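First comes the structure, then the notes that go with it.
There are 4 protein chains.
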Amino acid sequence: MGSSKQQPRRGNTRQRIQDVALELFSEQGYEKTSLREIAERLEVTKAALYYHFKTKEDILVSLFEDLTRPMDELIAWGAEQPHSLETKQEVLRRYSDALSGAAPLFRFMQENQATVRELSVGDAFKKRMIALFDILKEPDAPLTDQVRCVSALFTMHAGMFALQDVEGDPEEKRKAVLEVAMDLVAQAHGGA
Amino acid sequence: MGSSKQQPRRGNTRQRIQDVALELFSEQGYEKTSLREIAERLEVTKAALYYHFKTKEDILVSLFEDLTRPMDELIAWGAEQPHSLETKQEVLRRYSDALSGAAPLFRFMQENQATVRELSVGDAFKKRMIALFDILKEPDAPLTDQVRCVSALFTMHAGMFALQDVEGDPEEKRKAVLEVAMDLVAQAHGGA
Amino acid sequence: MGSSKQQPRRGNTRQRIQDVALELFSEQGYEKTSLREIAERLEVTKAALYYHFKTKEDILVSLFEDLTRPMDELIAWGAEQPHSLETKQEVLRRYSDALSGAAPLFRFMQENQATVRELSVGDAFKKRMIALFDILKEPDAPLTDQVRCVSALFTMHAGMFALQDVEGDPEEKRKAVLEVAMDLVAQAHGGA
Amino acid sequence: MGSSKQQPRRGNTRQRIQDVALELFSEQGYEKTSLREIAERLEVTKAALYYHFKTKEDILVSLFEDLTRPMDELIAWGAEQPHSLETKQEVLRRYSDALSGAAPLFRFMQENQATVRELSVGDAFKKRMIALFDILKEPDAPLTDQVRCVSALFTMHAGMFALQDVEGDPEEKRKAVLEVAMDLVAQAHGGA
DNA sequence: TATGAATGAGGTTTCATTCAT
DNA sequence: CATGAATGAAACCTCATTCAT
Chain A
2 MGSSKQQPRR GNTRQRIQDV ALELFSEQGY EKTSLREIAE RLEVTKAALY YHFKTKEDIL
62 VSLFEDLTRP MDELIAWGAE QPHSLETKQE VLRRYSDALS GAAPLFRFMQ ENQATVRELS
122 VGDAFKKRMI ALFDILKEPD APLTDQVRCV SALFTMHAGM FALQDVEGDP EEKRKAVLEV
182 AMDLVAQAHG GA
Chain B
2 MGSSKQQPRR GNTRQRIQDV ALELFSEQGY EKTSLREIAE RLEVTKAALY YHFKTKEDIL
62 VSLFEDLTRP MDELIAWGAE QPHSLETKQE VLRRYSDALS GAAPLFRFMQ ENQATVRELS
122 VGDAFKKRMI ALFDILKEPD APLTDQVRCV SALFTMHAGM FALQDVEGDP EEKRKAVLEV
182 AMDLVAQAHG GA
Chain C
2 MGSSKQQPRR GNTRQRIQDV ALELFSEQGY EKTSLREIAE RLEVTKAALY YHFKTKEDIL
62 VSLFEDLTRP MDELIAWGAE QPHSLETKQE VLRRYSDALS GAAPLFRFMQ ENQATVRELS
122 VGDAFKKRMI ALFDILKEPD APLTDQVRCV SALFTMHAGM FALQDVEGDP EEKRKAVLEV
182 AMDLVAQAHG GA
Chain D
2 MGSSKQQPRR GNTRQRIQDV ALELFSEQGY EKTSLREIAE RLEVTKAALY YHFKTKEDIL
62 VSLFEDLTRP MDELIAWGAE QPHSLETKQE VLRRYSDALS GAAPLFRFMQ ENQATVRELS
122 VGDAFKKRMI ALFDILKEPD APLTDQVRCV SALFTMHAGM FALQDVEGDP EEKRKAVLEV
182 AMDLVAQAHG GA
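Protein chains in written order, with the working numbering: chain A, 2 to 193; chain B, 2 to 193; chain C, 2 to 193; chain D, 2 to 193.
Encoded structure:
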């Protein structure tokens, strides 16, 4: 407390870097966000960033690892359940929750696909998508129903951001998005 | 004619720049594609690009303008039709055609949203999306149906790329995507 | 003519970069010479260096290629001659001439072996040494005579610099160095 | 003793730093070896190095001082002896022994002359060379014989490394090198 | 004896852009 | 219609070093 100009910088710097980085990455994109910018916001030198992370990409990787753990667990759980509609719905419900806990990261992923594709997190992300897709779709579903499942996924990822201009409270939007996704998956499940 | 060793290279350089640029932009992203790279592929100097285009962004703008004209016309037409289901379906059908004629550009738009948002084409793109959305949705549609319309749009844009790993012939995929989009819009129309 | 501050910079920049680089590399070493330093001496920006050379190492490579051509030819010639003492002496004589035409480069090579070993020119240099060694030594020479040949080579490379503190005219020093080298090789030739 | 998981790590850290540093310096060169690298190999932090040595250069200086003491003594002894051939030969013999006890350091000195020249050890090394040279050569020896003495020195320093590719057992190589050096000095002594 | 956290200076490289020819 | 030469800004990253604990 008090007005010491230079507080002793406790052990939270790593976390603060992640916070600022995620904010900037998701606002401006990965390439357009320079380490200088991140450092300046934190009133730290660039070299300090390199004390905590080996490379720029490493910052992103760390964010991804920290924020997508719940999804990993969810997918692992889902993959072991029976392929029933109930399972699928439960997965969607929980996925929706997880998403809103890591919204900025997913906005980032959505809007920086070209960049992310070349990065190691791109692979991880793609694998997750495929795993989810395999949970939602029936083994020999016709093309149309496969599209429905993909569409459900996209709707959940992009829906929130696309609805930013639409008036209404965020929680209601989330429910609406979830409902449409559930619907699509239900149709695909029935149509098999 | 005469004894030119080089390829004919008529007044088509501008076009060739656009072709290569679109290919690279959509493959690697806008920021990761340098003018040097474009120039090298064309076996031309960077300075030559500046004879044909004022800036890097200008290349992108020109691509956008040239390739989205059909959509502009479609939207203008659609906005004047009655808000019937038939109109909406007709718009979706024609939009699907237009999309497959400019697939790389749309892939680019989809995968570089963060970049594009700051550029002038970002605005134009967003306006188009909103215009389309206004054609598809009923004026006072409930949130869920609005999501369905947004979802239909996203499905069309992203569907093709998302289905790259799924086996099947492209034209059939396109039809499947269109069918799901039509379905969503029909539900939204009926549910109003 | 006259005192224009900024002469039009003719097509000699590449050459001037090489000159300055060689001077600095040989004075201070490769790692301790920064591109900033080279650029400043030439009153040019760092980026200009990159117009003419792809990397820092490339500058060195170009120097090596340009300055060691005569040696390559000499070695190629020597390899085809009979293994007589006359051949060996002729090679030494001509090598001594070639060396004094590229003295700064060889001083650099001598004094930056650790650095150069990791660089592509290191390999080229080593190969040349081995080729020369093979010309000078008899196929089954005893170890001592092999050492004499190596020693002759080293004497020629390092001799000039090591004698900097000794008083005397450079041309005479060169002759003395050559004489000792010739002697060593003659002993080795006779001793086989 | 006790249940320490780590290696004993007594008060020998200073020594271990020197060992690793010498290994890396001689393998990669002084500039290319960073303190981070040394610290990592020792599983210690960079700051720990600064507890034992004031600067990076200090590590090198300490190595030099510790490893060249025998030579200092040898040179001091030699300077007081009569300038006879026997003295010279004795000096060479003992120098050869001393060299093989500190081979990596001398390899380092040989291969990093450019770097070392600016450092304090450079001076010390040069002074030693001159002192040795003064022992080996006759006061008014003709240029050629001076070259022979320099050459003898170079042969001993560089010979071992240059012969790495030649087959044969190290101890025999050392003897061959010594023999050639003795020969050169004998010629110089006789020729005066 | 050592570490954790940070700094300041500087390194090489890349980029979009300009302009005289 | 195009090139050759260059620039200024900025990028990512590494290094030796410091200091409170």
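C-beta: ideal position from N, C-alpha, C; glycine also. This structure is a prediction, so every number in the text was calculated from the model and none was measured.
Rounded separation between residue i and residue j - CA only
i, j, result
"T194 of chain B", "S35 of chain B", "Here chain B comprises residues numbered 2 to 193, so residue 194 of chain B is not present and cannot be evaluated."
"L100 of chain D", "A159 of chain D", "11 angstroms"
"Q147 of chain A", "C150 of chain B", "19 angstroms"
"L23 of chain C", "L64 of chain C", "7 angstroms"
"L106 of chain A", "V122 of chain A", "12 angstroms"
"A103 of chain C", "F54 of chain C", "21 angstroms"
"A142 of chain A", "E112 of chain B", "28 angstroms"
"G3 of chain A", "Y31 of chain C", "Because the pLDDT at G3 of chain A is just 38, under 50, the model does not fix this residue reliably, and the value given afterwards should be weighed accordingly. So the two alpha carbons sit approximately 52 angstroms from each other."
"H84 of chain C", "L185 of chain C", "16 angstroms"
"S97 of chain D", "S152 of chain D", "14 angstroms"
"G79 of chain B", "F155 of chain B", "19 angstroms"
"Y88 of chain B", "R95 of chain B", "One point to set straight first is that residue 88 of chain B is Thr, not Tyr, in the sequence displayed. Those two C-alpha atoms are separated by around 11 angstroms."
"Y51 of chain C", "S27 of chain C", "21 angstroms"
"D73 of chain D", "Q19 of chain C", "41 angstroms"
"V178 of chain A", "D170 of chain A", "13 angstroms"
"I60 of chain A", "T14 of chain B", "42 angstroms"
"E172 of chain D", "A115 of chain C", "25 angstroms"
"L75 of chain D", "I76 of chain C", "41 angstroms"
"A40 of chain A", "G12 of chain A", "16 angstroms"
"L144 of chain B", "L137 of chain B", "14 angstroms"
"E29 of chain B", "V45 of chain B", "The residue asked about is misnamed: residue 29 of chain B is Gln in this sequence, not Glu. Using only the alpha carbons, I get a separation of about 20 angstroms."
"A49 of chain B", "E58 of chain B", "15 angstroms"
Close-in-space but distant-in-sequence residues of the same chain around residue i (CB under 7 angstroms, 5 per side omitted)
i, result
"M183 of chain C", "Q90, L93"
"M110 of chain C", "V117, F126"
"L86 of chain B", "A187, H190"
"V181 of chain C", "T156"
"V62 of chain A", "S121, V122"
Host alpha helix (DSSP H) of residue i (start-end)
i, result
"V167 of chain D", "Per DSSP, V167 of chain D belongs to no alpha helix (DSSP H) and is neither H nor E."
"T14 of chain B", "14 to 29"
"E74 of chain B", "57 to 81"
"E32 of chain A", "E32 of chain A -> no alpha helix (DSSP H), and no H or E assigned at all."
"F126 of chain D", "121 to 137"
"H84 of chain C", "Note, H84 of chain C: premise wrong, no alpha helix (DSSP H); not H, not E."
"E41 of chain C", "36 to 43"
Same chain only: Cβ atoms within 8 angstroms of residue i, ignoring 5 sequence neighbours per side
i, result
"R42 of chain B", "V21, L25"
"K174 of chain A", "G160, M161, L164, V167"
"E139 of chain D", "H84, D146, A189, H190, A193"
"R37 of chain B", "K47"
"D135 of chain C", "A80"
"T17 of chain B", "The amino acid occupying residue 17 of chain B in the given sequence is Arg; Thr does not appear at that position. Around R17 of chain B: L43."
As assigned by DSSP and simplified to three states, the class of residue i
i, result
"S152 of chain B", "helix"
"P105 of chain C", "helix"
"T46 of chain C", "coil"
"G3 of chain D", "For G3 of chain D, the pLDDT reaches just 39, beneath the cut-off of 50, and the residue's location in the model is therefore unreliable, although a value from the coordinates is still provided. Residue state, collapsed to three classes: coil."
"A187 of chain A", "helix"
"K176 of chain C", "helix"
"D98 of chain C", "helix"
"A141 of chain D", "Position check: residue 141 of chain D holds Asp in this sequence, whereas Ala was assumed. Here D141 of chain D sits in coil by DSSP."
"F162 of chain A", "helix"
"V181 of chain C", "helix"
Tell me, please, whether the region 128 to 147 of chain D touches the region 66 to 76 of chain D by the rule of three or more beta-carbon pairs shorter than 8 angstroms.
-> yes
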